[in-house]
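Those protein sequences? They're chains A and B, same order as listed. Residue numbers for the first sequence, in this note's numbering: 442 to 700. Residue numbers for the second sequence, in this note's numbering: 2 to 190. Cβ coordinates follow ideal geometry from the N, Cα and C atoms, glycine included. Given the structure is predicted, the values throughout are model-derived calculations rather than measurements.
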Amino acid sequence: MSRDELDELAAGYALGALDVEDRARFEALLRADEAARRALRRFEETLVRVAAERPEPPPPEVKAALLARIAASPRAGNGARVVPLHARPRRSVWTVVLAGAMAAGVAAIAVGMAVSSRYEQRLEALGQEARTLKAELDRQASVLAILRDPATQMVALSGQTPSPGAHARMLWHEKAGGLLVAAGLPAPPPGKAYQLWAIAGKSAPVSAGVFTVDPKGTGSLRVPPLPGVSHVDVFAVTLEPEGGVPAPTGAMYLAGKSA
Amino acid sequence: MREGNRASAAADLIAAIARGDRGAFERFYDAHAALAFGLIRRILRDPEAAKEVLQEVFWQVWQDAPSYDPARGSPEAWLVMRAKTRAIDKLRSIRRREQTFVAPVDERVAAAVATRADDPGLAAEDRGLAQGALEQLPGPQRRAIELAFLEGLTQSEIAAKLGEPLGTVKTRIRLGLERLRTAFKVDNT
Numbered sequence: 442m443s444r445d446e447l448d449e450l451a452a453g454y455a456l457g458a459l460d461v462e463d464r465a466r467f468e469a470l471l472r473a474d475e476a477a478r479r480a481l482r483r484f485e486e487t488l489v490r491v492a493a494e495r496p497e498p499p500p501p502e503v504k505a506a507l508l509a510r511i512a513a514s515p516r517a518g519n520g521a522r523v524v525p526l527h528a529r530p531r532r533s534v535w536t537v538v539l540a541g542a543m544a545a546g547v548a549a550i551a552v553g554m555a556v557s558s559r560y561e562q563r564l565e566a567l568g569q570e571a572r573t574l575k576a577e578l579d580r581q582a583s584v585l586a587i588l589r590d591p592a593t594q595m596v597a598l599s600g601q602t603p604s605p606g607a608h609a610r611m612l613w614h615e616k617a618g619g620l621l622v623a624a625g626l627p628a629p630p631p632g633k634a635y636q637l638w639a640i641a642g643k644s645a646p647v648s649a650g651v652f653t654v655d656p657k658g659t660g661s662l663r664v665p666p667l668p669g670v671s672h673v674d675v676f677a678v679t680l681e682p683e684g685g686v687p688a689p690t691g692a693m694y695l696a697g698k699s700a
Numbered sequence: 002m003r004e005g006n007r008a009s010a011a012a013d014l015i016a017a018i019a020r021g022d023r024g025a026f027e028r029f030y031d032a033h034a035a036l037a038f039g040l041i042r043r044i045l046r047d048p049e050a051a052k053e054v055l056q057e058v059f060w061q062v063w064q065d066a067p068s069y070d071p072a073r074g075s076p077e078a079w080l081v082m083r084a085k086t087r088a089i090d091k092l093r094s095i096r097r098r099e100q101t102f103v104a105p106v107d108e109r110v111a112a113a114v115a116t117r118a119d120d121p122g123l124a125a126e127d128r129g130l131a132q133g134a135l136e137q138l139p140g141p142q143r144r145a146i147e148l149a150f151l152e153g154l155t156q157s158e159i160a161a162k163l164g165e166p167l168g169t170v171k172t173r174i175r176l177g178l179e180r181l182r183t184a185f186k187v188d189n190t
């Protein structure tokens, strides 16, 4: 993956603007690749500076409400809190009554907040679900668009020496990207993944992404349009380290020439 | 260097909050609430919604402080990313509600809303805000970044909205953020 491509993913991720597949791709990189983590940190810090240009003091009631909320429900699992033991001064009946009333007030606020925060959470969960469904719909729509276009190339990939029984189909459209569907591949060993390459003429192979397979040996990969790649002559799949590599190093599992 | 010290002071506060130190929480709030609230207000125009989001964000700070990992970034970044995500979630839920229940009665209101959606930058100027580094970016870069950062659109939604190829949008976002990074001298660590 080129530096620009990595930065593109990191920038989109920092903004929360990646589409599902890019997000999954970048999250895989984040796990494997220090350069990806660095790129993300740089862009996140940049966004902090953007935010810092326009600070706005919040109204004081927010802090008051937060402190009441914290006082009303100490966080679970912090048994290490130190409680100072000092002798309590004697209190009159009225301070006790007042304290009781205040505690009741705080409890009422806490209950109100808990209820509203539960609904809020439920709403957010529904929102998240809707976003996931929409993203899936977008993905399917983009695949359909590829299928409908007569300019789409269809390439059959056949199994190579390590996995002669494997086979795959690749749909490729220079402007819309493509889709690989593979079957019969062995599960990659830990730390490894399959990487798809697009090769045009005599140019060096260009990475089209990494993917893995389910226990049945099937897997798929949605490929974004590749900068500088139009017609592809050969698609190939190699076994590589999980995060992907800039040029193929491992054994070739699948390959196919376009008509 | 001063940056580093400030970040590590904030990281110390987060560590203390993780141990349940309410005083540390108050200090962290006092030092950072305006940063988070400024961003939340840029995303949400409704002040009540913005207050609610701010409270949720700092409630998360209190709850999630034990999971803060300094290796992943500064406490400010940790906070700002949460503030952004929460505010965008809220913005989406408000929009959903508006779409579902409230038909715009006054056409001028609808037109004003449309202007804001079409040109968030213009809306920022409407709000009488000073020119920051974001506003000084070339128009197309700024527009793409604002649609993502302040309106919560994904790259393909931005491409569809602007009628531009997805690749162009991705490049603009990268170039714009690179330019901001240089402007703010965020070092190349």
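Q: Check the Cβ-Cβ distances between A118(B) and every residue of chain A, and say whether any is below 7 angstroms.
A: In the second sequence, residue 118(B) corresponds to position 117, counting from 1. Note that A118(B) scores a pLDDT of 43, beneath 50, so its modelled location is shaky; the value from the coordinates is reported in the next line. It does not: the Cβ of A118(B) has no partner Cβ on chain A nearer than 7 angstroms.
Q.
For chain B, check one thing: does any of its Cβ atoms lie closer than 7 angstroms to the Cβ of R482(A)?
A. Here residue 482(A) corresponds to residue number 41 of the first sequence, with the count starting at 1. Output row for R482(A): interface = yes.
Q) Are the Cβ atoms of L680(A) and K633(A) separated by less than 7 angstroms? A) Along the first sequence, one-based indexing puts residue 680(A) at 239. Along the first sequence, one-based indexing puts residue 633(A) at 192. Contact: yes.
Q. Quick one: is I511(A) near chain B, going by C-beta distance under 7 angstroms?
A. If you number the first sequence from 1, residue 511(A) lands on position 70. Cβ-Cβ to chain B under 7 angstroms: yes for I511(A).
Q.
For the ligand GTP, I want to know if R464(A) counts as a neighbour, meaning its beta carbon is within less than 6 angstroms of at least one of the ligand's heavy atoms.
A. The ligand GTP is absent from the structure shown, which contains no ligands of any kind.
Q) Is the beta carbon of M611(A) sitting closer than 7 angstroms to the one on F676(A)? A) Numbered from its first residue, the first sequence carries residue 611(A) at position 170. Numbered from its first residue, the first sequence carries residue 676(A) at position 235. Going by C-beta atoms, M611(A) is nearer than 7 angstroms to F676(A).
Q) Taking just the CA atoms, how far does T155(B) sit from P682(A)? A) Stepping through the first sequence from its first residue, residue 682(A) is reached at position 241. Stepping through the second sequence from its first residue, residue 155(B) is reached at position 154. For P682(A) and T155(B), the distance between alpha carbons rounds to 29 angstroms.
Q | Backbone secondary structure at P105(B) - three-state DSSP | A | In the second sequence, residue 105(B) corresponds to position 104, counting from 1. At P105(B) the pLDDT is 42, less than 50, meaning the model places this residue with poor confidence and gives no usable figure here.
Q: Could you work out which residues of chain B lie near L578(A), taking near to mean beta carbons separated by less than 7 angstroms?
A: For this step, residue 578(A) is matched to residue 137 along the first sequence. In chain order: nothing, as chain B lies at least about 12 angstroms away.
Q. A51(B): buried (16+ other C-beta within 10 angstroms of its C-beta) or exposed?
A. The count along the second sequence starts at 1 and reaches residue 51(B) at position 50. A51(B) should be labelled buried.
Q. Count the other CB atoms within 10 Å of the CB of L578(A); is the residue buried (16 or more) or exposed (fewer)?
A. For the purposes of this step, residue 578(A) is taken as the residue at position 137 of the first sequence. Classification for L578(A): exposed.
Q: Report yes or no: do three or more beta-carbon pairs, one from the segment 495-507 of chain A and one from the segment 684-695 of chain A, lie closer than 8 angstroms?
A: no
Q | chain B within 7 angstroms of L447(A), Cβ atoms only | A | Taking the first residue of the first sequence as position 1, residue 447(A) is located at position 6. No - not a single Cβ of chain B is within 7 angstroms of the one on L447(A).
(Q) Using 8 angstroms for Cβ pairs, my map puts Y454(A) next to G600(A). What's the rounded Cβ distance? (A) For the purposes of this step, residue 454(A) is identified with residue 13 of the first sequence, where counting begins at 1. For the purposes of this step, residue 600(A) is identified with residue 159 of the first sequence, where counting begins at 1. Between G600(A) and Y454(A) the Cβ distance is about 35 angstroms, and since that is not below 8 angstroms, they are no contact.
Q: Note down, in chain order, all residues in the segment 76-87 of chain B with a beta-carbon under 8 angstroms from any beta-carbon belonging to chain A.
A: E77, A78, V81, M82, A84, K85, T86
(Q) DSSP three-state label for H608(A), please. (A) In the first sequence, the residue the question calls residue 608(A) occupies position 167. Note: H608(A) maps to strand in three-state DSSP.
(Q) Tell me which residues share the same chain as L588(A) and place their Cβ nearer than 8 angstroms to its Cβ, disregarding the 5 neighbours each side in the sequence. (A) For the purposes of this step, residue 588(A) is identified with residue 147 of the first sequence, where counting begins at 1. Once the five neighbours on either side are set aside, the close Cβ partners of L588(A) are L612.
**Q.** Local conformation of L1(B) per DSSP, three classes
**A.** An answer regarding residue 1(B) cannot be provided, because it is not within the stretch 2 to 190 covered by chain B.
Q) From V160(B) to V547(A), what distance separates their C-alpha atoms? A) Locating residue 160(B) in the second sequence gives position 159, counting from the first residue. Locating residue 547(A) in the first sequence gives position 106, counting from the first residue. Contrary to the premise, residue 160(B) reads as Ala rather than Val in this sequence. Each residue's Cα considered, the two are about 49 angstroms apart.
Q) If we count the other Cβ atoms within 10 Å of its Cβ and call it buried at 16 or more, is H672(A) buried or exposed? A) Translated into the one-based positions of the first sequence, residue 672(A) becomes position 231. So H672(A) ends up on the exposed side.
Q. From which residue to which residue does the beta strand (DSSP E) around E136(B) run?
A. Here residue 136(B) is taken as the residue at index 135 of the second sequence, counted from 1. First-last for E136(B): undefined, no H or E at that position.
(Q) Buried or exposed, going by whether 16 or more other CB atoms sit within 10 Å of the CB of M543(A)? (A) Working through the first sequence from its first residue, we reach residue 543(A) at position 102. Under this definition M543(A) is an exposed residue.
(Q) For a contact defined as C-beta to C-beta under 8 angstroms, what are the partners of A465(A) on chain B? (A) In the first sequence, the residue the question calls residue 465(A) occupies position 24. Correct list: empty, because the minimum Cβ distance to chain B is about 13 angstroms.
(Q) By alpha-carbon positions, which one of P139(B), D47(B), F29(B), L36(B) ends up nearest to S9(B)? (A) Translated into positions along the second sequence, residue 9(B) becomes position 8. The shortest C-alpha separation from S9(B) is found at F29(B).
**Q.** Closest by C-alpha distance to W79(B), when choosing among A545(A), R482(A), S514(A), A513(A)
**A.** As a position in the second sequence, residue 79(B) is number 78, starting the count at 1. Looking at the Cα atoms, R482(A) is the closest of the given residues.
**Q.** is_contact[V54(B), chain A] using C-beta, thresh 7 angstroms
**A.** Translated into positions along the second sequence, residue 54(B) becomes position 53. For V54(B), the answer is no, since every Cβ of chain A falls outside 7 angstroms of its Cβ.
(Q) Among P591(A), A609(A), P498(A), whose alpha-carbon lies nearest the alpha-carbon of V654(A)? (A) Counting from 1 along the first sequence, the entry for residue 654(A) is found at position 213. Here the closest residue by C-alpha is A609(A).
(Q) For A609(A), would you say it is in contact with chain B, using Cβ-to-Cβ distances shorter than 7 angstroms as the test? (A) Within the first sequence, residue 609(A) is the residue found at index 168, counting from 1. With 7 angstroms as the cut-off, A609(A) does not count as an interface residue toward chain B.
Q) Under a three-way DSSP split, which group does Y454(A) fall into? A) What you label residue 454(A) is simply residue 13 of the first sequence in a count that begins at 1. Three-state DSSP puts Y454(A) in a helix.
(Q) Just checking: is the beta-carbon of W29(B) within a distance shorter than 7 angstroms of some beta-carbon in chain A? (A) Position 28 of the second sequence, counting from 1, holds the residue named residue 29(B). For clarity, residue 29(B) is Phe in the given sequence; the question names Trp instead. No - not a single Cβ of chain A is within 7 angstroms of the one on F29(B).
Q: Tell me where the beta strand (DSSP E) around L621(A) begins and ends.
A: Numbered from 1 along the first sequence, position 180 holds the residue referred to as residue 621(A). Per DSSP, L621(A) belongs to the beta strand (DSSP E) from 618-624.
(Q) Counting C-beta neighbours from all protein chains within 10 Å, is the total for D448(A) 16 or more, i.e. buried, or is it exposed? (A) Position 7 of the first sequence holds residue 448(A). When all chains shown are included, D448(A) counts as buried.
Q: Determine the direct distance from the alpha carbon of E485(A) to that of L456(A), and round the result to whole angstroms.
A: Here residue 456(A) corresponds to residue number 15 of the first sequence, with the count starting at 1. Here residue 485(A) corresponds to residue number 44 of the first sequence, with the count starting at 1. L456(A) and E485(A): Cα-Cα distance of roughly 8 angstroms.
Q | Residue-chain proximity (D90(B), chain A), Cβ-Cβ < 7 angstroms | A | For the purposes of this step, residue 90(B) is taken as residue 89 along the second sequence, with counting starting at 1. It does; some Cβ of chain A falls within 7 angstroms.
Q. Can you give the beta carbon distance from A387(A) to A623(A), rounded, assuming they're within the 8 angstroms contact cut?
A. Residue numbering for chain A in the displayed model covers 442 to 700; residue 387(A) lies beyond these limits and cannot be assessed.
Q: Would you tell me roughly how many angstroms separate the C-alpha atoms of V62(B) and I89(B), rounded to the nearest one?
A: In the second sequence, counting from the first residue as 1, residue 62(B) sits at position 61. In the second sequence, counting from the first residue as 1, residue 89(B) sits at position 88. Near 18 angstroms, if we compare the C-alpha coordinates of I89(B) and V62(B).
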